[in-house]
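> One structure, as structure tokens, below. Some questions next.
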Amino acid sequence: MQILPIANSFAREVHGVDCTQPLAPADAQTLREAWSQHGVLVFRRQLIDEDALVAFSEIFGEPERIVREDWASKQRSEIIYISNLLDRNGTAIGGLGAGEITWHSDQSYQTFPATGSFLYGVEIPKDHGATEFANLRLAYATLPPTLKSQADKAWGVFSYAHRSAAYDESPEASAKARARSPDVLHPLVHHHPTEGWGALYLDPGTMPGVEGLPDDRGRALIRELQEHATQPQFVYRHEWRMGDLVMWDNGFTLHRRGVLDPTRPRLLKRTTVKLSPDLHIVPLTRKPEAMPA
Ligand SMILES: O=C(O)CCC(=O)C(=O)O
């Protein structure tokens, strides 16, 4: 196995691993550590069915079934489909079809966010629909001092209701998911459990504000942090090929995708796992003061 930088980015490409085969314990540990350090790992030319995708994900943590049951695979409920394809009744087979997906961190609205995401490219239009990743470790290390001291003591409000207002595909399913996902608070800065370096934790589209700040000041702080964190030098852009498996650590990365052409079929399969706070940045959580216990 070899883990090599991709161009000049923070992301790493892993060579010499067939993700359908069992991993030697030492190789699994090397991958866990590389993931928790670099944030994004890419495997090319993989041929993975749904059972194998779940089995590979389970090496790193317990799979989470996300709140959108309507996006789940009918074979393996641990998998959701990210797709613009429709079934024969004209119903979307998954979610996040063709609209813009702005900078976000998966599952950040959860009390205990499952921070490991795996996305496998099954059908990908050529040169279309890249996914961009921003590294919040690099962003934190370069924050101007006043912004850093504001971020260091801030807790953000993370709200599924706020996030899902942007989804228009299935209002009923969004309402059901909202009812299961009350707002939570997470600190905007975390430290790596074994190495101690700091990183921002952000999800701009899920954060209506910052605890203790008036709405406009909270939103301004989030905007400033996002603008800093998503500068080109902190961003890796993944141009998909069929058979790519990309895994990212949501504890210190953001990702986004542009608008897609709905007529060009695109299907990716995603799993999400709970990563161990012993090795990965896993956000701390509190309930907002005003909420009932
Ligand atoms: O479709 C993509 O490229 C990104 C999907 C995404 O943002 C997600 O799975 O959270």
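Each residue of the sequence shown is one higher than the one before, starting from -2 at the first, in our numbering.
Backbone N, C-alpha and C define an ideal beta-carbon position, used for all residues, glycine too.
1) Can you tell which of Val186, Asp200 and Ala21 has the C-alpha that lies nearest to the C-alpha of Trp194?
2) When you measure from the CB of Ile98 to every non-hydrogen atom of ligand 1, does any distance come out below 7 Å?
3) Kindly provide the chain-ordered list of residues whose Cβ lies closer than 7 Å to any non-hydrogen atom of ligand 1.
4) Are Asp62 and Ser74 close, meaning C-beta to C-beta below 8 Å?
5) DSSP has Phe115 in a bridge; who is on the other side?
6) Bridge partners of Tyr78, per DSSP?
7) Is Arg263 near Gly96, with beta carbons less than 8 Å apart?
8) What residues in its chain sit with their C-beta under 7 Å from that of Glu59, if we drop five residues either side in the sequence?
9) In whole angstroms, what separates the C-alpha of Ala196 from that of Arg134?
10) Measure the Cβ-Cβ separation of Gly240 and Gly118 and say whether it is below 8 Å.
11) Exposed or buried, which one is Ala25 when buried takes at least 16 other CB atoms within 10 Å?
12) Thinking C-beta only, is Leu222 closer than 8 Å to Ala148?
13) The beta strand (DSSP E) with Val39 in it runs from where to where?
14) My parser needs the beta strand (DSSP E) runs of 3 or more residues fully inside the region 16 to 64; what are they?
15) With a threshold of 16 other CB atoms inside 10 Å of the CB of Gln34, please say whether the residue is buried or exposed.
16) Using the DSSP secondary-structure output, state which residues sit across from Glu120 in a beta bridge.
17) Is the region 222 to 238 touching the region 76 to 85 in the sense that three or more CB pairs, one from each, lie closer than 8 Å?
18) Identify the continuous beta strand (DSSP E) that holds Ile0 and give its terminal residues.
19) With Ile98 and Val39 assumed to form a contact (beta carbons below 8 Å), what rounded beta-carbon distance in angstroms separates them?
20) Within this structure, are the beta carbons of Gly92 and Ile77 separated by less than 8 Å?
21) Given 7 Å as the limit, tell me if Tyr157 has its C-beta closer than that to any heavy atom belonging to ligand 3.
22) Hey, quick one: how far does the beta strand (DSSP E) through Gly195 stretch, first residue to last?
23) For Leu254, which of helix, strand or coil comes out of DSSP?
24) So, using beta-carbon positions, are Ala31 and Arg9 closer together than 8 Å?
25) Going along the chain, which residues of its own chain have a beta-carbon closer than 8 Å to the beta-carbon of Pro285, five neighbours each way excluded?
Reading it off the structure:
1) Val186
2) yes
3) Ile79, Leu93, Ile98, His101, Asp103, Ser114, Leu116, Gly126, Thr128, His252, Arg253, Arg254, Leu265 and Arg267
4) Residue identity differs from the one stated: residue 62 is Arg in this sequence, not Asp. The answer is yes: Cβ separation under 8 Å.
5) Met244 and Thr268
6) Lys266
7) no
8) Val270 and Lys271
9) 4 Å
10) yes
11) exposed
12) yes
13) Val37 to Phe40
14) 37 to 40
15) buried
16) Leu264
17) no
18) Gln(-1) to Pro2
19) The pair is not a contact, with the Cβ atoms about 19 Å apart (cut-off 8 Å).
20) yes
21) Inclusion of ligand 3 in the displayed structure is not the case, the ligand content consisting of ligand 1 alone.
22) Gly195 to Leu197
23) Note that residue 254 corresponds to Arg in the displayed sequence, not to Leu. Reduced to three states, the DSSP call for Arg254 is strand.
24) yes
25) Val154, Asp180, Val181, Leu182 and Glu208
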